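Take a look at the structure set out below.
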């Protein structure tokens with residue numbers, strides 16, 4: 001039977017999965033293989049009963065339902081790969097009952113707080129100030145992921161057409177529009193970038209203090225620093241701004257399918273999680289406005 005390493009190589013070369021995704025797949029499959037060995041199997045046992053016992057084992061050891069779902073997804077992808085090679089007849093994971101997921105409502109920053117931050121706070125007129133404000137505003141106004149922001153290059157921005165190009169999951173490109181306010185901030189930042197690094201050949205749009213590309217922890221620290229000034233949320237990460245973008249768009253009447261495309265979701269179910277916040281707002285308006293509510 002074709003092994004895990006060959007499967008990971010296939011995902012890297014044929015599917016072009018990101019490195020962190022490949023690591024997750026490999027860790028999940030090696031964990032299952034270790035469970036099989038512990039249960040007395042010499043090799044990876046791809047039978048329904050063994051997989052079901054693994055799920056029970058994971059639950060008894062405190063793994064949350066979301067983690068278990070991800071691990072089963074990794075195993076299922078491996079089984080489908082073996083089926084395509086003719087080494088497995090059917091998918092045993094399909095028969096396994098998965099633990100119920102707890103639906104979590106995405107947290108977001110309210111409109112008043114985000115407007116106070118972007119309109120009233122003085123980020124400063126130096127390079128760092130212009131960069132930091134643009135990072136916060138770009139994440140909020142476009143809903144892009146942190147990795148997509150870091151991966152933007154100078155030619156990712158088309159000031160004339162008001163579009164940015166980002167490379168999303170599984171190397172899928174998408175175009176996202178931006179407005180006049182963001183255009184002005186982009187121009188100011190690019191001018192500050194050119195003044196600070198006039199001879200730099202680096203093509204990344206956003207740069208750290210030493211003229212190199214941004215790294216994930218730096219973006220997190222920048223966003224957390226400013227959001228925590230105006231938000232009472234316990235967690236103030238770049239992804240919170242993605243949630244905020246989607247929620248504010250829905251609350252303003254944007255079409256769910258349009259938001260799906262802007263966020264780069266592969267299916268509508270991933271976007272529908274934001275409708276809960278919209279319904280909560282509608283309920284609040286109803287309770288305040290209806291005379292018999």
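Residue numbers (my numbering): 1 to 293. Ideal placement from N, C-alpha and C gives every residue a C-beta, glycine not left out. For clarity, every value in this text was computed on a predicted model and none was experimentally measured.
Of all the options the options, which has the alpha carbon lying nearest to the alpha carbon of residue i?
| i | options | result |
| --- | --- | --- |
| residue 54 | 134, 19, 99 and 88 | 99 |
| residue 88 | 44, 117, 133 and 112 | 44 |
| residue 219 | 211, 230, 207 and 120 | 207 |
| residue 123 | 12, 104, 136 and 111 | 136 |
| residue 153 | 29, 205 and 4 | 205 |
| residue 146 | 111, 168, 32 and 128 | 168 |
| residue 96 | 162, 60, 119 and 49 | 49 |
| residue 109 | 4, 258, 289 and 237 | 237 |
| residue 172 | 266, 9 and 288 | 266 |
| residue 253 | 234, 235 and 274 | 274 |
So for residue i, helix, strand or coil by DSSP?
| i | result |
| --- | --- |
| residue 213 | strand |
| residue 99 | coil |
| residue 175 | strand |
| residue 261 | helix |
| residue 8 | helix |
| residue 55 | helix |
| residue 153 | strand |
| residue 88 | coil |
| residue 120 | helix |
| residue 298 | In the structure as shown, the chain begins at 1 and stops at 293. Residue 298 is therefore absent and cannot be evaluated. |
| residue 144 | coil |
| residue 182 | helix |
| residue 167 | strand |
Can you check whether the CB of residue j is closer than 8 Å to the CB of residue i?
| i | j | result |
| --- | --- | --- |
| residue 246 | residue 143 | yes |
| residue 140 | residue 226 | no |
| residue 107 | residue 276 | no |
| residue 157 | residue 164 | yes |
| residue 222 | residue 115 | no |
| residue 93 | residue 75 | yes |
| residue 51 | residue 58 | no |
| residue 294 | residue 187 | Residue 294 lies beyond the stretch modelled for the chain, which goes from 1 to 293, so this question has no answer here. |
| residue 317 | residue 11 | Coverage of the chain is limited to positions 1 through 293, which leaves residue 317 absent and any answer about it impossible. |
| residue 130 | residue 213 | no |
| residue 268 | residue 260 | yes |
| residue 189 | residue 211 | no |
Buried or exposed, going by whether 16 or more other CB atoms sit within 10 Å of the CB of residue i?
| i | result |
| --- | --- |
| residue 264 | buried |
| residue 83 | exposed |
| residue 170 | exposed |
| residue 248 | buried |
| residue 47 | exposed |
| residue 230 | buried |
| residue 64 | exposed |
| residue 255 | exposed |
| residue 203 | exposed |
| residue 185 | buried |
| residue 13 | exposed |
| residue 30 | exposed |
| residue 180 | exposed |
| residue 71 | buried |
| residue 271 | buried |
| residue 241 | buried |
Cβ-heavy atom distance between residue i and the ligand MG below 7 Å?
| i | result |
| --- | --- |
| residue 81 | Absence of the ligand MG is noted for the structure shown, with no ligands found whatsoever. |
Start-end ranges of the alpha helix (DSSP H) lying completely within the stretch 11–71, minimum 4 residues | Listed in chain order, the alpha helix (DSSP H) elements of length 4 or more contained wholly in the stretch 11–71 are 19–38 and 48–60.
In chain order, which alpha helix (DSSP H) runs of at least 4 residues are fully inside the stretch 186–256?
-> Complete alpha helix (DSSP H) runs here, min 4: 216–230 and 238–251.
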